[in-house]
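Undergrad: Residue numbers (this note's numbering), protein chains in the order written: chain A, 733 to 1161; chain B, 733 to 1161. Ideal Cβ positions, reconstructed from N, Cα and C, are used throughout, including at glycine. A quick note: this is a predicted structure, and the numbers were derived from the prediction, not measured. This is the structure I have questions about; it appears just below.
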């Protein structure tokens, strides 16, 4: 597969970005199954948010092309091979991870309509409907916008400029891999689907990791690539679960309990390496302090915002305070990683806990500095649940720069979850 | 075309290196036509000479594979499309450059047998027979050995190591092109067929030059690539003409006249930009001093050995001494060029003469420093006429390191052509 040639060909024919309903993150499907069982009738709204206002998406990406790509996604359904793989493959060592009733529903699924409007230099893109359906828009919507933006920038480049652009990007990824393979007992996964440069590029990066890292590469969050490249599909759960559960809470007391309810539902469905706590939705410290004891028995914690070293120290202290041995617990770092931070975090925490890394945007979209005006640099695009059954959602996280929701609701959540001052950190990707 | 993938595939199937009789230098065909007319019955021996003894070709390249490749070349004949192109294309602005009688002969040609024997770590590879046939072995024989050596080194590399190797090599070529395009009024051609890394790589380099240099890229010496990429085929004549004419000379007087006889035959056949003097076979200085006046009317001089700046100064002085305006004459540099030397020579001579460059090995085979042990670095492999009608040939050139022939004959030629002390220069490629 010659990526530069393919990109060049985009100039003369339509080329769907998303070609499969499983070109999405594995945890989306796990969460979808959980929602399908526990909250199938919840109505949610997901909305695109470009946290990097300096990237004028609506000026870069043609509305017609965007509609074409989104319409194409709505035409997709699970193929027979994909269905067989989801039903028959082992995930996290377990067969039949996906239950027959869920699979039957998924096999009949088409994604629901979208609502697209231009607002100045940005697009307003929203999805409304039943939670299990709408939630599956998040990853393909992001990937489509990221790749259309890449294509827009690449469109005016000539063939050998493109070849050399990719040559440089490949060399960069490979040099990162060469550094990573020096790290003893490393465990790292690709988490780069949503903000990838392009599908082919993510696929290239995964293959490079397979060859370059051997056993140190533990898998990819992307189901389609995991299936095709015969590696593990990786992922557990995300902020949307506590965000929606919390929005549905009718009292402050119910709100305070909601994030634990999420994990209680999860606990009933999953064990082992799938029991990973994502504690930062409304502040890691408070979440852990108030957590029920059974949560300390879970396998690990994912650190996804704030200072990662601080998050890991909080986790280790918490396990100790609950009589657990942190060396038998797993810490998964997944926020804004690059080789430097991976090396630093590994040096600091290896041996003190089991460490692994979910490497995202700076794996699959590090085109920084490779074109004039840095027009291919990754940027912070998200697609989040903004409402559930008519109530707005809120996210605080361990970084106030990532907070979302109406200001009065943010204040209420801060009060309910006892979140005090937080240290702002720049959100790069 | 994904070069790395193709190289990877070489591990599991036979893949002919030379797939066409016109995958050769244009000047070979021009000279062949001239020989076919003027000296069709001369019997010559061509022989492979590895001037870089530290590259143990016979240990690197399997004899069976080499025979397979050479046998494949003997199975080739001119295709209908190739013949049409040679008959109908414009070369140097002229139609029907190749005469019907020559084309008819060429269409029926198969290359004559080869003789291959291993001698220690090197191969002895010789070709004997009629000059017009044997001479066409030179370029494919070299290209086969160069590419088999590349394949041998690449064989143990894995897929993404290969991809990154080519990514680095592509970036390097492109950065050279980016420097070259800054040179005002540059004229540069690809002369890199014989010692190319591989066919696909040469083809890549030519395409990169087409896109990156625009009009500054004047063409390629490779006929097949010129045909496919629709660029000019470039080249005039080489040392084998004076070497064989000289070997056939029966007296010292005839020997002294032989190199001029070559150009007299050439003068009858060609005009304009094809009238390029290659003066260094037996020393540039003496050749020009003793040259007949009509030679000063020729279009240019090719500087192919010794200090190129000195060679150019000698040429300029000589034109002046014969009442010619050097600013209307062309100097073609073609020996061991890379971007630094091209920049330097251009700075020094632009405006004083018309300048152009035939860029060879360091265009199409600059893999220096890219693999451990520098095992892909280019090396100095040649395939030369060593005898004609039973007489040994001699080459002196402007660099004693490039001299060839039996020592007593070298002494005789030096005496006849009045060549004194010469400055040795390292032969890199």
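So that I know if they touch, is there some Cβ in chain B lying closer than 7 angstroms to that of residue 747 of chain A?
TA: False, the Cβ-Cβ gap to chain B never drops below 7 angstroms.
Undergrad: Of all the alpha helix (DSSP H) runs that stay within the bounds of the region 854-914 of chain B, which reach a length of 4 or more residues?
TA: The region 854-914 of chain B contains these whole alpha helix (DSSP H) runs: 863-866, 870-886 and 891-912.
Undergrad: Among the candidates B/1103, B/1040, B/1132 and B/1117, whose CA atom is the shortest distance from the CA of residue 1090 of chain B?
TA: Closest option to residue 1090 of chain B, Cα to Cα, is B/1040.
Undergrad: I'd like the list of long-range same chain contacts for residue 745 of chain A, defined as Cβ closer than 8 angstroms, with 5 residues on each side in sequence excluded.
TA: Below a pLDDT of 50, predicted positions are generally treated as unreliable, and residue 745 of chain A, at 48, falls in that range; no measurement from the model is reported.
Undergrad: Based on the DSSP secondary-structure assignment, which residues constitute the bridge partners of residue 949 of chain B?
TA: BP columns for residue 949 of chain B point to B/920.
Undergrad: Within 10 angstroms of its Cβ, does residue 1105 of chain B collect 16 or more other Cβ (buried), or is it exposed?
TA: Under this definition residue 1105 of chain B is an exposed residue.
Undergrad: Pull the bridge partners of residue 1136 of chain A from the DSSP assignment, please.
TA: Answer by DSSP bridge pairing, in chain order: A/1127.
Undergrad: Which residues of chain B have a Cβ atom closer than 8 angstroms to the Cβ of residue 902 of chain A, listed in chain order?
TA: 895, 896 and 899, listed in chain order.
Undergrad: Look at the alpha carbon of residue 965 of chain A and the alpha carbon of residue 814 of chain A, and state the distance between them as a whole number of angstroms.
TA: Near 13 angstroms, if we compare the C-alpha coordinates of residue 814 of chain A and residue 965 of chain A.
Undergrad: By the 10 Å Cβ neighbour count, where 16 or more other Cβ atoms means buried, how is residue 1139 of chain A classified, buried or exposed?
TA: Exposed, since its Cβ has fewer than 16 Cβ neighbours within 10 Å.
Undergrad: Which residues in chain A sit within 7 angstroms of residue 944 of chain B, going by Cβ to Cβ distance?
TA: Going along chain A in sequence order, the residues near residue 944 of chain B (Cβ under 7 angstroms) are 892.
Undergrad: Does any residue of chain A have a CB that is nearer than 7 angstroms to the CB of residue 940 of chain B?
TA: So yes, residue 940 of chain B belongs to the interface.
Undergrad: What is the C-beta distance between residue 1062 of chain A and residue 1085 of chain A, in whole angstroms, given that I count them as a contact (C-beta under 8 angstroms)?
TA: About 7 angstroms separates the two Cβ atoms, so the contact holds.
Undergrad: In the DSSP assignment, find the unbroken beta strand (DSSP E) run with residue 1017 of chain B in it and report its ends.
TA: Where residue 1017 of chain B is concerned, there is no enclosing beta strand (DSSP E), although the alpha helix (DSSP H) it sits in stretches over 1016-1021.
Undergrad: Using the C-alpha atoms, what's the distance from residue 1067 of chain A back to residue 1050 of chain A?
TA: About 21 angstroms.
Undergrad: Residues of chain A with CB under 8 angstroms from residue 1049 of chain B, in chain order?
TA: The premise fails here: residue 1049 of chain B is roughly 41 angstroms from chain A at the closest Cβ pair, so nothing lies under 8 angstroms.
Undergrad: Please report the straight-line C-alpha distance between residue 919 of chain A and residue 859 of chain A, rounded to a whole angstrom.
TA: Straight-line Cα distance between these residues: approximately 35 angstroms.
Undergrad: Rounded to whole angstroms, what is the Cα-Cα separation between residue 983 of chain A and residue 1026 of chain A?
TA: About 24 angstroms.
Undergrad: Compute the distance between the beta-carbons of residue 1046 of chain A and residue 1017 of chain A, then report whether it is under 7 angstroms.
TA: Going by C-beta atoms, residue 1046 of chain A is nearer than 7 angstroms to residue 1017 of chain A.
Undergrad: Note the first and the last residue of the continuous beta strand (DSSP E) segment covering residue 847 of chain A.
TA: Looking at the DSSP string, the run of the beta strand (DSSP E) that includes residue 847 of chain A is 846-851.
Undergrad: So, for residue 835 of chain B: in the same chain, excluding its five sequence neighbours on each side, which residues have a beta-carbon less than 8 angstroms away from its beta-carbon?
TA: Around residue 835 of chain B: 815, 818 and 819.
Undergrad: Identify each residue in the region 918-934 of chain B for which the Cβ-Cβ distance to at least one residue of chain A is less than 9 angstroms, and report them in chain order.
TA: Within the region 918-934 of chain B, no residue has a Cβ that lies closer than 9 angstroms to any Cβ of chain A.
Undergrad: Buried or exposed for residue 879 of chain B, going by 16 or more other Cβ atoms inside 10 Å?
TA: Residue 879 of chain B comes out buried.
Undergrad: Find out if the Cβ-Cβ distance for the pair residue 927 of chain A, residue 1110 of chain A is shorter than 7 angstroms.
TA: Closer than 7 angstroms, so yes.
Undergrad: Tell me the DSSP secondary structure of residue 745 of chain B in three-state form.
TA: In this prediction, residue 745 of chain B has a pLDDT of 49, which is less than 50 and means its spatial position is unreliable; nothing more can be read from the coordinates.
Undergrad: Helix, strand or coil for residue 1158 of chain A per DSSP?
TA: Correct three-state label for residue 1158 of chain A: coil.
Undergrad: Applying the criterion that 16 or more other CB atoms from any shown protein chain within 10 Å of the CB defines a buried residue, is residue 845 of chain B buried or exposed?
TA: Exposed, by the Cβ-count rule.
Undergrad: Note the first and the last residue of the continuous beta strand (DSSP E) segment covering residue 1118 of chain A.
TA: That run of the beta strand (DSSP E) goes 1113-1120.
Undergrad: Between residue 951 of chain A and residue 970 of chain A, is the Cβ-Cβ spacing less than 7 angstroms?
TA: Not closer than 7 angstroms, so no.
Undergrad: Quick one, which of A/895, A/870 and A/985 has its alpha-carbon nearest residue 1102 of chain A's?
TA: Taking only the C-alpha atoms, the option nearest residue 1102 of chain A is A/895.
Undergrad: State the beta-bridge partners of residue 757 of chain B as determined by DSSP.
TA: Beta-bridge pairing links residue 757 of chain B to B/954.
Undergrad: Comparing alpha-carbon positions, which option in B/1019, B/1134, B/1122 and B/1144 lies nearest residue 778 of chain B?
TA: Closest option to residue 778 of chain B, Cα to Cα, is B/1122.
Undergrad: Ignore the nearest five residues each way along the sequence and tell me which others in residue 1135 of chain A's own chain have a CB closer than 7 angstroms to its CB.
TA: Correct list, in chain order: 1127, 1128, 1129 and 1142.
Undergrad: Enumerate in chain order the residues of its own chain whose CB-to-CB distance from residue 1058 of chain A is below 8 angstroms, with the five nearest sequence positions on each side excluded.
TA: Counting only Cβ-Cβ distances below 8 angstroms, and skipping sequence neighbours, we find 1047, 1048, 1051, 1052, 1084 and 1085.
Undergrad: Could you tell me which of A/993, A/979 and A/967 sits nearest to residue 1008 of chain A, measuring between CA atoms?
TA: The option with the nearest alpha carbon to residue 1008 of chain A is A/967.
Undergrad: Mind checking the region 1091-1106 of chain A against chain B and listing, in chain order, the residues whose C-beta falls within less than 7 angstroms of any C-beta there?
TA: Listed by position along the chain: nothing, the set is empty.
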